[in-house]
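Sequences listed follow chains V and F, in order. Read the first sequence against the numbering used here and you will find it ends at 295, with the numbers running on by one and no gaps. Read the second sequence against the numbering used here and you will find it ends at 318, with the numbers running on by one and no gaps. Built from N, CA and C at the ideal position, the CB exists for glycine as well. What follows is a single structure, written as structure tokens, with notes after it.
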Amino acid sequence: MAEILSIGQGTTRAAATGTRRKLGPGRWFVLVLLVIALAVTLFPFFLTLINGIKSSVDYAANGPLSLPKSIDFSAIVKFWTLTDFGLKLWNSALISGCVAIAGTIISLLNAYAIGIGKVRGSRVILVILLLGIMVPQESIVYPIYYMAKATGFYDSLLSVIIVFTVLQSAFGTYLLSSVLGSFPREIIEAAEIDGASRWQVLWFVVVPVVRPTMLVIGTFFFIWTWNEFLIPLVMLVSNNHQTVSVAMGLTRGQNLSDPVLQAAASLLGIAPTIVFFLIFQRTLTRGVAAGAVK
Amino acid sequence: MATAASNNPATHLRGYYLYLIPGALGFLLIVLIPQVANFVLSFTAWKGVGTPRWIGLQNYQRLLQDDQFWGSMQHTLLFIISMTIIPVILGVVLASLLFDYIRDQFGETLPSLFRAGFYLPQILPVTTAGVLWGWILSPVGVANMVLRAIGLGGLAQNWIGDATWALPAVSLMIVWIQVGYCLVVFMAGLSRIDPSLYEAAQLDGAGWWQRLYNITVPMLAPEIFVVVLTTLIAALKVFAPVFVLTAGGPDNATLVPSYLTYYHFFTTQRVGYAAAIAVVQMALTVVLAVIFLRFQSRQQAV
Numbered sequence: 002m003a004e005i006l007s008i009g010q011g012t013t014r015a016a017a018t019g020t021r022r023k024l025g026p027g028r029w030f031v032l033v034l035l036v037i038a039l040a041v042t043l044f045p046f047f048l049t050l051i052n053g054i055k056s057s058v059d060y061a062a063n064g065p066l067s068l069p070k071s072i073d074f075s076a077i078v079k080f081w082t083l084t085d086f087g088l089k090l091w092n093s094a095l096i097s098g099c100v101a102i103a104g105t106i107i108s109l110l111n112a113y114a115i116g117i118g119k120v121r122g123s124r125v126i127l128v129i130l131l132l133g134i135m136v137p138q139e140s141i142v143y144p145i146y147y148m149a150k151a152t153g154f155y156d157s158l159l160s161v162i163i164v165f166t167v168l169q170s171a172f173g174t175y176l177l178s179s180v181l182g183s184f185p186r187e188i189i190e191a192a193e194i195d196g197a198s199r200w201q202v203l204w205f206v207v208v209p210v211v212r213p214t215m216l217v218i219g220t221f222f223f224i225w226t227w228n229e230f231l232i233p234l235v236m237l238v239s240n241n242h243q244t245v246s247v248a249m250g251l252t253r254g255q256n257l258s259d260p261v262l263q264a265a266a267s268l269l270g271i272a273p274t275i276v277f278f279l280i281f282q283r284t285l286t287r288g289v290a291a292g293a294v295k
Numbered sequence: 017m018a019t020a021a022s023n024n025p026a027t028h029l030r031g032y033y034l035y036l037i038p039g040a041l042g043f044l045l046i047v048l049i050p051q052v053a054n055f056v057l058s059f060t061a062w063k064g065v066g067t068p069r070w071i072g073l074q075n076y077q078r079l080l081q082d083d084q085f086w087g088s089m090q091h092t093l094l095f096i097i098s099m100t101i102i103p104v105i106l107g108v109v110l111a112s113l114l115f116d117y118i119r120d121q122f123g124e125t126l127p128s129l130f131r132a133g134f135y136l137p138q139i140l141p142v143t144t145a146g147v148l149w150g151w152i153l154s155p156v157g158v159a160n161m162v163l164r165a166i167g168l169g170g171l172a173q174n175w176i177g178d179a180t181w182a183l184p185a186v187s188l189m190i191v192w193i194q195v196g197y198c199l200v201v202f203m204a205g206l207s208r209i210d211p212s213l214y215e216a217a218q219l220d221g222a223g224w225w226q227r228l229y230n231i232t233v234p235m236l237a238p239e240i241f242v243v244v245l246t247t248l249i250a251a252l253k254v255f256a257p258v259f260v261l262t263a264g265g266p267d268n269a270t271l272v273p274s275y276l277t278y279y280h281f282f283t284t285q286r287v288g289y290a291a292a293i294a295v296v297q298m299a300l301t302v303v304l305a306v307i308f309l310r311f312q313s314r315q316q317a318v
């Protein structure tokens with residue numbers, strides 16, 4: 002690798018003043034291949050869209066590959082009322098929103114002590130936190146379930162909010178600590194000399210600087226929590242408390258024999274994600290490199 | 017706290033420890049105590065009510081003779097193909113096509129559009145993906161319709177209801193989900209490579225495949241390592257795709273450790289036994305995680 006590097010750099014200088022790369026003749030061919038690959042990837046989304054808004058009669062007559070003859074929302078309405086989907090959306094949004102906020106705040110507090118306070122044992126703390134979130138949830142789910150039952154938190158949104166605030170903030174601490182680790186010392190010292198308390202330094206000096214990072218972390222917490230399945234499945238048994246992800250996971254058991262209803266179900270499951278995606282596309286695709294640990 | 021800027025380093029540090037308290041309490045309650053409790057439970061026989069009965073290593077002995085458990089471990093190995101191997105290969109090729117060719121020929125916009133499109137399945141709730149693919153792969157679903165339409169009706173299968181095809185069918189969905197993750201990480205990695213490296217190689221007569229092999233792959237080695245390890249860890253935890261599409265069936269053909277754990281915890285109520293499976297899963301994950309963390313800290317040290 003070192004060899005390639007040195008060769009590359011040697012010739013780079015020679016080429017720097019040289020020509021731009023020529024437009025290859027095969028470029029349209031490559032582009033078409035990539036477009037086909039992308040079309041295959043996105044085809045399932047397209048299928049749910051054209052079938053979720055079709056009437057059952059239309060589906061039976063023309064199959065899933067034809068465009069709908071007329072737009073018919075009856076399957077969507079049926080699945081919506083069948084699962085009380087509005088409530089599921091609200092539960093998911095409430096849980097994910099609370100986790101995003103609480104998780105980011107706890108990440109910030111931890112990272113303040115680790116990244117700026119440089120408390121003793123920082124490295125050990127980070128390693129334990131990371132191991133804690135990398136191990137499978139299967140090995141903590143039963144004790145959590147048991148504790149929740151014993152304390153009356155079982156089947157409450159709060160139990161799931163607490164669990165994911167802790168799990169997500171373990172990861173957020175890792176990310177924010179490295180960001181705060183390189184925070185300019187002089188700024189903090191200047192504020193301290195001016196008589197700012199540690200609490201004031203955090204809120205009036207550190208937070209304004211790292212707010213963009215906190216927003217990225219919060220966005221990720223929101224979507225990760227939205228997509229979580231095992232723990233909400235175990236903890237939220239009653240219909241009124243289920244999340245979108247759990248409701249989707251349980252549709253197979255409900256035996257939706259009508260294929261249009263199935264398409265409508267996936268369309269409703271996909272819709273919120275598409276909305277997040279359109280809002281946060283740049284954050285998501287760029288920030289994922291940082292999120293590689295998950 | 018107000019006089020934090022004192023010169024004594026000991027009092028200087030003490031104030032910061034307070035900020036760890038909420039996080040530490042939560043972590044203790046939600047991760048550490050349950051983890052220890054699960055470990056202890058794996059040495060007991062317990063139905064979830066009453067007092068657990070200490071049985072030593074019996075759960076682990078039973079595990080070694082449990083065909084379901086070994087079957088689930090085999091399936092995990094097979095899921096490595098769809099979680100790690102295929103997505104990494106596709107991800108490298110796609111990322112390098114987009115970075116080293118499309119960006120060069122068509123500008124910056126197209127690669128980011130492609131990246132966003134390939135990434136979309138990755139942020140979908142897995143259970144939603146499961147509903148979607150369950151519908152596509154059902155006996156009367158789109159997959160079979162397409163096969164019949166192009167004259168390959170003989171290949172039509174009951175994809176998720178047939179023990180031979182269920183695992184490949186679930187794998188197909190997993191590949192669909194995973195490619196975007198690999199692609200995005202690899203493209204982020206490529207962005208730190210100097211494009212003139214490619215230009216120089218091209219001037220020296222290196223074709224696209226040669227550049228892929230001699231520049232892209234070696235330069236992406238850290239990202240490839242990270243993606244391989246994180247997806248291996250994820251392969252050990254595959255749960256939702258199996259739960260939604262096949263529930264471990266048909267005939268245990270898609271059983272995975274996570275599903276087996278869930279099944280014994282909450283259906284057969286053999287809590288001690290399920291805890292033992294979870295401990296095995298945890299131990300394997302920790303091994304991979306430690307390799308990963310050592311690598312990460314070496315990277316940061318450089």
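The beta carbon of Y155/V sits closer than 6 Å to the beta carbons of A149 from its chain, once the five residues preceding and following it are set aside; these are given in chain order. Think of a sphere of 7 Å around the beta carbon of T284/F: no beta carbon from chain V falls inside it, the nearest being about 13 Å out.
Annotated as proximal: Y135/F and G196/F, with beta-carbon spacing under 8 Å. Not a single unbroken stretch of the beta strand (DSSP E) spanning 3 or more residues falls wholly within the region 80-161 of chain V.
Nearest CB-CB separation between V120/V and chain F: below the 8 Å threshold. Judged by DSSP secondary structure, Q121/F falls within the alpha helix (DSSP H) whose first and last residues are 119-122. Contact of F230/V with chain F by beta-carbon distance below 8 Å involves P141, V142, T143, F255, A256, F259.
Spanning the alpha carbons of P26/V and T232/F requires a straight line of approximately 22 Å. Residue nearest to D73/V within the set K79/V, N63/V, S56/V is S56/V (criterion: CA-CA distance). Across the set A250/F, Y289/F, V243/F, the C-alpha of Y289/F shows the shortest separation from the C-alpha of L80/F. Membership of L106/F in the alpha helix (DSSP H) is indicated by the continuous run 102-113.
With distances taken between CA atoms, P137/V lies nearest to L48/F out of I105/F, L48/F, L148/F. Using a 10 angstroms sphere on the CB of N75/F, the tally of other CB atoms reaches 16 or more, which defines it as buried. Taking Y275/F as the centre and dropping the five residues before and after it, the same chain places the C-beta of F255, V258, F259, G264 closer than 7 Å to its C-beta, in chain order.
Here Q51/F is buried, its C-beta having at least 16 other C-beta atoms within 10 Å. The beta carbon of V104/F does not come within 8 Å of any beta carbon belonging to chain V, so the residue lies off that interface. When secondary structure is reduced to three states using DSSP, R69/F falls in the strand class. Judged by beta-carbon spacing, P45/V lies within the 8 Å limit of L148/F, meaning their Cβ atoms are closer than that value. Listed along chain V, the residues sitting closer than 9 Å to M161/F by beta-carbon distance are G64, P65, L66. Annotation: V164/V to I224/V spans about 15 Å, alpha carbon to alpha carbon.
According to DSSP, A272/V shares a beta bridge with no other residue. At a cut-off of 8 Å between beta carbons, F278/V contacts chain F. For A222/F, the secondary structure class from DSSP, reduced to helix, strand or coil, is coil. The region 289-309 of chain F and the region 57-68 of chain F touch, with three or more beta-carbon pairs separated by less than 8 Å. Around F311/F, the same chain offers F241 as residues with beta carbons nearer than 7 Å, after the five sequence neighbours per side are excluded. Leaving aside the five residues that flank A179/F on each side, the residues in its chain whose CB is nearer than 7 Å to its CB run, in chain order, P266, D267, A269. Minimum Cα-Cα distance from L43/V among the listed residues I249/F, Y229/F, L129/F corresponds to L129/F. In this structure, the straight-line span from the alpha carbon of G177/F to that of Q263/V is close to 17 Å.
With a threshold of 16 other beta carbon atoms within 10 Å, F30/V falls short and is exposed.
For A179/F, no alpha helix (DSSP H) encloses it, and the DSSP letter there is neither H nor E. Nearest CB-CB separation between E139/V and chain F: below the 8 Å threshold. When V295/F, A53/F, G31/F, H91/F are compared, the shortest CA-CA separation from P184/F is found for H91/F. Looking at L236/F, T67/F, R286/F, A61/F, the one whose alpha-carbon comes closest to that of L73/F is A61/F. Between A112/V and I126/V, the alpha-carbon positions lie close to 11 Å from each other. When rounded, the separation of the alpha-carbon atoms in W81/V and T284/V is 30 Å. The beta carbons of Q282/V and A132/F sit closer together than 8 Å.
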